[in-house]
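The numbering used here applies: residue 12 is where the sequence shown begins, and numbers increase by one. Here a beta-carbon is modelled for each residue, glycine too, at the ideal position from N, C-alpha and C. Take a look at the structure below.
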Amino acid sequence: MKKVISSLFYLFLPLFLGGIVAFLIKDSIDYTSLVRPPLAPPKILFPISWTLIYLLMGISYYLYKKEYKENGIVDVVYYLQLFVNALWSIIFFLWKARFIAILWIVALDFLVLFLIYYFLQRKKISAYLNIPYLLWILFATYLTIGIYVLN
(Lines of atoms letter the chains of each structure in order from A and count residues from 1; the text may use other names and numbers.)
(Lines give C-alpha, C1' and ligand atoms only; values in the text may rest on other atoms or scores of the structure.)
Protein backbone atom coordinates (compact mmCIF):
# COMPACT_ATOMS: atom_id res chain seq x y z
CA MET A 1 0.00 0.00 0.00
CA LYS A 2 2.87 2.36 0.83
CA LYS A 3 4.32 1.77 -2.65
CA VAL A 4 0.99 2.64 -4.30
CA ILE A 5 0.70 5.87 -2.30
CA SER A 6 4.26 6.94 -3.11
CA SER A 7 3.71 6.10 -6.80
CA LEU A 8 0.55 8.22 -6.90
CA PHE A 9 2.39 11.02 -5.08
CA TYR A 10 5.20 11.03 -7.66
CA LEU A 11 2.78 10.85 -10.58
CA PHE A 12 0.31 13.52 -9.52
CA LEU A 13 2.20 16.02 -7.33
CA PRO A 14 2.93 18.43 -10.21
CA LEU A 15 -0.72 18.33 -11.34
CA PHE A 16 -1.93 18.81 -7.76
CA LEU A 17 0.38 21.79 -7.17
CA GLY A 18 -0.59 23.30 -10.52
CA GLY A 19 -4.25 22.98 -9.54
CA ILE A 20 -3.69 24.70 -6.22
CA VAL A 21 -1.82 27.59 -7.86
CA ALA A 22 -4.50 27.90 -10.57
CA PHE A 23 -7.14 28.16 -7.85
CA LEU A 24 -5.14 30.81 -5.97
CA ILE A 25 -4.55 33.02 -9.01
CA LYS A 26 -7.77 32.47 -10.98
CA ASP A 27 -9.23 35.89 -10.15
CA SER A 28 -5.93 37.69 -10.84
CA ILE A 29 -5.15 36.40 -14.33
CA ASP A 30 -5.01 39.45 -16.59
CA TYR A 31 -3.42 37.80 -19.64
CA THR A 32 -6.08 38.94 -22.13
CA SER A 33 -5.91 42.58 -20.99
CA LEU A 34 -2.13 42.77 -21.47
CA VAL A 35 -0.31 43.83 -24.61
CA ARG A 36 1.26 40.56 -25.70
CA PRO A 37 4.25 39.92 -27.95
CA PRO A 38 3.93 38.24 -31.34
CA LEU A 39 3.24 34.48 -31.18
CA ALA A 40 1.38 34.81 -27.86
CA PRO A 41 -1.11 31.92 -27.78
CA PRO A 42 -4.77 32.20 -26.78
CA LYS A 43 -5.53 31.91 -23.07
CA ILE A 44 -7.22 28.51 -23.50
CA LEU A 45 -3.94 26.89 -24.55
CA PHE A 46 -2.31 27.37 -21.13
CA PRO A 47 -4.39 24.98 -18.98
CA ILE A 48 -4.23 22.32 -21.69
CA SER A 49 -0.46 22.65 -22.10
CA TRP A 50 0.25 22.77 -18.37
CA THR A 51 -1.91 19.72 -17.67
CA LEU A 52 0.03 17.68 -20.22
CA ILE A 53 3.38 19.02 -19.01
CA TYR A 54 2.55 18.34 -15.36
CA LEU A 55 1.56 14.78 -16.25
CA LEU A 56 4.83 14.27 -18.15
CA MET A 57 6.77 15.69 -15.20
CA GLY A 58 5.03 13.32 -12.81
CA ILE A 59 5.59 10.31 -15.07
CA SER A 60 9.26 11.20 -15.49
CA TYR A 61 9.86 11.45 -11.77
CA TYR A 62 7.84 8.32 -11.06
CA LEU A 63 9.96 6.33 -13.55
CA TYR A 64 13.12 7.70 -11.97
CA LYS A 65 12.02 6.94 -8.39
CA LYS A 66 10.91 3.45 -9.38
CA GLU A 67 14.55 2.67 -10.07
CA TYR A 68 16.40 5.02 -7.70
CA LYS A 69 15.01 5.06 -4.18
CA GLU A 70 17.72 7.12 -2.49
CA ASN A 71 17.43 10.88 -2.30
CA GLY A 72 20.09 12.92 -4.06
CA ILE A 73 20.71 15.88 -6.31
CA VAL A 74 17.97 14.85 -8.76
CA ASP A 75 15.41 14.96 -5.96
CA VAL A 76 16.61 18.36 -4.73
CA VAL A 77 16.50 19.89 -8.22
CA TYR A 78 13.14 18.28 -9.00
CA TYR A 79 11.39 19.63 -5.91
CA LEU A 80 13.13 23.00 -6.18
CA GLN A 81 11.98 23.48 -9.77
CA LEU A 82 8.44 22.50 -8.74
CA PHE A 83 8.52 25.20 -6.06
CA VAL A 84 9.96 27.81 -8.44
CA ASN A 85 7.42 26.84 -11.10
CA ALA A 86 4.48 27.20 -8.70
CA LEU A 87 5.67 30.53 -7.36
CA TRP A 88 6.17 32.04 -10.82
CA SER A 89 2.43 32.23 -11.46
CA ILE A 90 1.89 33.90 -8.10
CA ILE A 91 4.67 36.42 -8.79
CA PHE A 92 3.43 37.19 -12.31
CA PHE A 93 -0.36 37.15 -11.90
CA LEU A 94 -1.16 37.65 -8.23
CA TRP A 95 1.60 40.07 -7.26
CA LYS A 96 1.98 41.59 -10.77
CA ALA A 97 5.76 41.75 -10.16
CA ARG A 98 6.58 41.30 -13.82
CA PHE A 99 10.30 42.12 -13.66
CA ILE A 100 10.80 39.72 -10.74
CA ALA A 101 8.86 37.15 -12.78
CA ILE A 102 11.48 37.45 -15.54
CA LEU A 103 14.30 36.70 -13.10
CA TRP A 104 12.26 33.89 -11.55
CA ILE A 105 11.48 32.17 -14.85
CA VAL A 106 15.10 32.41 -15.99
CA ALA A 107 16.02 30.61 -12.75
CA LEU A 108 13.36 28.02 -13.61
CA ASP A 109 14.87 27.61 -17.09
CA PHE A 110 18.23 26.75 -15.55
CA LEU A 111 16.72 24.42 -12.95
CA VAL A 112 14.91 22.46 -15.64
CA LEU A 113 18.10 22.30 -17.72
CA PHE A 114 19.92 20.93 -14.66
CA LEU A 115 17.10 18.47 -14.03
CA ILE A 116 17.28 17.16 -17.58
CA TYR A 117 21.06 16.91 -17.32
CA TYR A 118 20.86 14.91 -14.07
CA PHE A 119 18.09 12.69 -15.43
CA LEU A 120 20.25 11.99 -18.50
CA GLN A 121 22.95 10.61 -16.22
CA ARG A 122 20.65 7.99 -14.70
CA LYS A 123 17.29 7.66 -16.47
CA LYS A 124 17.21 8.94 -20.05
CA ILE A 125 13.46 8.53 -20.53
CA SER A 126 12.90 10.86 -17.58
CA ALA A 127 15.09 13.46 -19.27
CA TYR A 128 13.26 13.11 -22.59
CA LEU A 129 9.86 13.46 -20.92
CA ASN A 130 10.92 16.88 -19.62
CA ILE A 131 11.93 18.31 -23.00
CA PRO A 132 8.38 19.62 -23.71
CA TYR A 133 8.49 21.29 -20.29
CA LEU A 134 11.80 23.00 -21.10
CA LEU A 135 10.54 24.17 -24.49
CA TRP A 136 7.32 25.50 -22.96
CA ILE A 137 9.05 27.46 -20.21
CA LEU A 138 11.56 28.88 -22.69
CA PHE A 139 8.55 30.11 -24.66
CA ALA A 140 7.03 31.38 -21.40
CA THR A 141 10.29 33.25 -20.76
CA TYR A 142 9.89 34.98 -24.12
CA LEU A 143 6.26 35.84 -23.26
CA THR A 144 7.20 37.11 -19.79
CA ILE A 145 9.90 39.39 -21.16
CA GLY A 146 7.65 40.54 -24.00
CA ILE A 147 4.76 41.36 -21.66
CA TYR A 148 7.07 43.25 -19.32
CA VAL A 149 8.54 45.33 -22.15
CA LEU A 150 5.19 46.01 -23.85
CA ASN A 151 3.29 46.91 -20.69
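| Check | Outcome |
| --- | --- |
| Minimum C-alpha distance to residue 38 - residue among 135, 101, 115 and 110 | 101 |
| Limits of the unbroken alpha helix (DSSP H) element including residue 39 | First-last for residue 39: undefined, no H or E at that position. |
| Residue range of the unbroken alpha helix (DSSP H) whose run includes residue 78 | 56–78 |
| Straight-line gap, residue 80 to residue 134 (C-alpha atoms, nearest Å) | 13 Å |
| Inter-residue Cα distance where the pair is residue 95 and residue 49 | 26 Å |
| For residue 135, the first and last residue of its enclosing alpha helix (DSSP H) | 135–140 |
| Within 8 Å, strictly: CB atoms of residue 112 and residue 155 | yes |
| Integer Cβ distance of residue 123 from residue 148, believed to fall under 8 Å | 6 Å |
| Assigned secondary structure, residue 48 (DSSP; H/G/I helix, E/B strand, else coil) | coil |
| Coarse secondary structure for residue 29, derived from DSSP in three states | helix |
| Counted within 10 angstroms of its Cβ, other Cβ atoms place residue 12 as buried (16 or more) or exposed | exposed |
| Separation of residue 104 from residue 125, as counted between CA atoms | 26 Å |
| Helix, strand or coil at residue 53 according to DSSP, with G and I counted as helix | coil |
| CB contact flag (residue 71, residue 17, <8 Å) | no |
| Beta-carbon gap between residue 26 and residue 140 smaller than 8 Å | no |
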